[in-house]
Amino acid sequence: MRLSRYFLPILKETPKEAEIVSHRLMLRAGMIRQQSAGIYSWLPLGLKVLRKIERIVEEEQARAGAIQLLMPTIQSADLWRESGRYDAYGKEMLRITDRHEREMLYGPTNEEMITEIFRSYVRSYKDLPLNLYHIQWKFRDEVRPRFGIMRGREFLMKDAYSFDLDKERAVEAYNRMFVAYLRTYKRMGLTAIPMRAETGPIGGDLSHEFIVLADTGESEVYCHADYLGKETPGEDVDFNGDLTPIVSDWTSLYAATEDIVDKAEFEASVPEDKRIVARGIEVGQTFYFGTKYSEPLGAKVATSDGTEVAVHMGSYGVGVSRLLGALIEANHDENGIIWPKSVAPFHVGLVNLKPGDDLTDSVSEDLYGKLESAGIEVLYDDTDTRAGAKFATMDLIGLPFQVVAGPRGLKDGLLEVKDRATGEKEMLSPEATLNKLTAALTG
RNA sequence: CGGGGCAUAGCGCAGCCUGGUAGCGCAUCUGGUUUGGGACCAGAGGGUCGCAAGUUCGAAUCUUGCUGCCCCGACCA
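Number 494 marks the last residue of the first sequence (my numbering); no jumps.
Structure representation (structure tokens):
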């Protein structure tokens, strides 16, 4: 993409309302624009990252056997009356009346709707296990939206729903999502620690919140330091096999949020030098809630002996839009964002320091073409602005690599290649640059 | 939902107390000089001062109501 033809509205100054670093940087880097309290437009650069996160989530959901579909944002109140949650959900639910005076709502979650779909089609235990998910915008009318995208009212969530014959198999489904989550966050360069959690209004008796440690996190968490170095299951993990050992390993050490922490137990089970008390951002939550929805909504299947039983369910959420904020909180410096390669909006920022100069133009254009051909996403700064402004912009938007084509280096046939994360710079020939970036960014 | 604050050009702000028809920096546009870490000079454009009533000869400024937004706390992917 040529910067001269892109839409990247960078801000030099920080809008006053942005209190935390991720919000500030997202506004400055032209990723989002607030339209109303807790409601944002996604500008091109922000949308690109959002899509990359979605793709990782989709790949890991598929690996774990979940099937993607798409449910609407607007739901009928009737469905929620069946589960009893229409009145129970309270003011957080945005209620809407259509032209026929029908009561509708903007979905804050989809347990009812997915259960309705399930009960309409699935009749036999032979069709189980089943795990259906979608990635869709949710709306929760928070009393106090804040922190930019981290606590918006409208947010993008991946929510998966598992259906199984009994509790034992439902826990196996739970474990598959648990392991998928470990992998999902790891692929984005985040260490998310699963912590025992309350189930809240969704209900149930088994639940974990996946927490990323960050100073600006909203809740206080207590956990064992060894979680930070724990090995994440690899691509070869067998989702058809027994995942209990992995889940046990990842739940064996103490980890709890402030809501349910037992400080005596924390201190008894964690040696003093291993105790972490920190702030954390919740980026996902898993629930097993048995027949809480399948009973009232009549989601039943026939068993092998012909009797009908309500299915055991679980639900599994990932805050996709919130993850952007969490990623920036975890990866930035005083100059801007530092994107992990897996979610970076572009891989490389190619800076032509002197557009109009035959040498910088020809070398830049040539490298731009070759990088794109190699499948590397390049933001090519071909604009006629000053060097300092170009560097500042590149640091701000945080692409993993910057390549600078300027008269000074090209006099000797060399480009400057900068690693955004380490700040290391090296002078390389165009060919060596291409080889280095191809090696670092593909395969 | 309790407490506090703000609303004046795209962004950041001054002006308000003590009413006289709006200003600064950045950004934008034009010309020129510059050009390896957010340049300089000259000129230009851009505002029904959040909305609505009221007081007044006259309201950004005083009064009342409304709306929007932000911050602190209790709640949530």
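For every residue, glycine included, the Cβ atom is placed at its ideal position computed from N, Cα and C.
Report the residue from His259, Gln85 and Glu333 whose alpha carbon sits nearest the alpha carbon of tyrosine 305.
-> His259
So what does aspartate 470 bridge to, in DSSP terms?
-> Per DSSP, Phe452.
With a threshold of 16 other CB atoms inside 10 Å of the CB of isoleucine 311, please say whether the residue is buried or exposed.
-> exposed
The stretch 355 to 364 touching the stretch 329 to 344, judged by at least three CB pairs closer than 8 Å = yes
Is the Cβ-Cβ distance between phenylalanine 338 and glycine 365 less than 8 Å?
-> yes
Roughly how many angstroms separate the alpha carbons of valine 429 and isoleucine 332, rounded to a whole number?
-> Computed Cα separation, rounded: 31 Å.
Once you ignore the five residues that flank glutamate 111 on each side, which residues in its own chain have a CB closer than 6 Å to its CB?
-> Ala231, Arg234 and Thr235
Please go through the same chain and pick out, in chain order, the residues whose beta-carbon is closer than 6 Å to the beta-carbon of leucine 13, but skip the five residues on each side of it.
-> Residue 13 is absent from the model: the chain starts at 52 and stops at 494.
Please go through the stretch 355 to 384 and give each complete beta strand (DSSP E) segment of 3 or more residues, from N-terminal end onward.
-> 359 to 361 and 363 to 370
Where does methionine 155 sit, in a helix, a strand or coil, going by DSSP?
-> In this structure, DSSP gives methionine 155 an extended state, which the three-state scheme calls strand.
DSSP state of glutamate 219 mapped onto helix, strand, coil | helix
Which whole-angstrom value describes the C-beta separation of methionine 246 and alanine 307, a residue pair presumed to lie in contact below a C-beta threshold of 8 Å?
-> 5 Å
State the DSSP-derived secondary structure class of asparagine 226, mapped to helix, strand or coil.
-> helix
Those residues which DSSP pairs with aspartate 432 across a bridge | Val402
Alanine 211 - partner residues in DSSP beta bridges = Tyr184 and Tyr367
Taking the Cβ atom as the reference point for each residue, do leucine 181 and isoleucine 165 lie within a distance shorter than 8 Å?
-> no
Consider the C-beta atom of proline 284 and the heavy atoms of the ligand PLP; say whether any pair is separated by less than 7 Å.
-> The ligand PLP is not among the ligands present in this structure, which contains no ligands whatsoever.
Pull up the CB-CB distance for proline 95 and leucine 78, whole angstroms please, since I reckon it's below 8 Å.
-> Incorrect: roughly 14 Å between the Cβ atoms, too far for contact.
Evaluate contact between the stretch 183 to 193 and the stretch 154 to 170, counting only Cβ atoms and requiring at least three cross-stretch pairs below 8 Å.
-> yes
Terminal residues of the continuous alpha helix (DSSP H) containing lysine 325?
-> Taken as a continuous stretch (DSSP letters only), lysine 325 belongs to no alpha helix (DSSP H), as it is neither H nor E.
Pull up the CB-CB distance for proline 396 and aspartate 433, whole angstroms please, since I reckon it's below 8 Å.
-> That pair is no contact at about 18 Å.
Please state whether DSSP places glycine 297 in a helix, a strand or coil.
-> Inspection of the sequence shows that residue 297 is occupied by isoleucine rather than by glycine. In the structure shown, isoleucine 297 sits in a helix (DSSP, three-state: H, G or I).
Counting only the same chain and skipping the five closest in sequence on each side, list residues whose C-beta sits under 8 Å from that of alanine 353.
-> Arg174, Ser175, Tyr176 and Glu359
Measure the C-alpha to C-alpha separation of lysine 237 and threonine 283 and round it to an integer number of angstroms.
-> 7 Å
Taking the alpha carbon of asparagine 291 as the point to measure from, which residue in Tyr225, Arg197, Arg106 and Glu309 has its own alpha carbon closest?
-> Tyr225
At which residues does the alpha helix (DSSP H) containing alanine 77 begin and terminate?
-> According to the sequence displayed, residue 77 carries methionine and not alanine. 72 to 79 is the extent of the alpha helix (DSSP H) around methionine 77.
How would you write the range of the alpha helix (DSSP H) that arginine 106 sits in, first residue to last?
-> 95 to 114
What did DSSP end up calling alanine 319 once you bin it into helix, strand or coil?
-> helix
C-alpha distance - alanine 443 paired with asparagine 386, whole-angstrom precision | Their backbone Cα atoms lie some 7 Å apart in a straight line.
Quick one: Cα of isoleucine 168 to Cα of serine 299, how far?
-> 33 Å
Nearest to glutamine 336 (by Cα), restricted to the options Lys281, Asp384 and Phe261 | Phe261
Quick one: what does DSSP say tyrosine 273 is sitting in, helix, strand or coil?
-> strand
By Cβ distance below 6 Å, which residues in the same chain neighbour isoleucine 244 in space, the five residues on each side in sequence not counted?
-> Ile262, Cys274, Tyr278 and Ala306
Shortest alpha-carbon distance to aspartate 266 belongs to which of Ala440, Gly376 and Met478?
-> Gly376
Is alanine 491 helix, strand or coil by DSSP?
-> Alanine 491 sits in a helix when the DSSP states are folded into three classes.
Cutoff 7 Å; reference isoleucine 129; Cβ partners in own chain excluding five residues on either side = Per the sequence shown, residue 129 should be read as aspartate rather than isoleucine. Correct list: empty, nothing qualifies.
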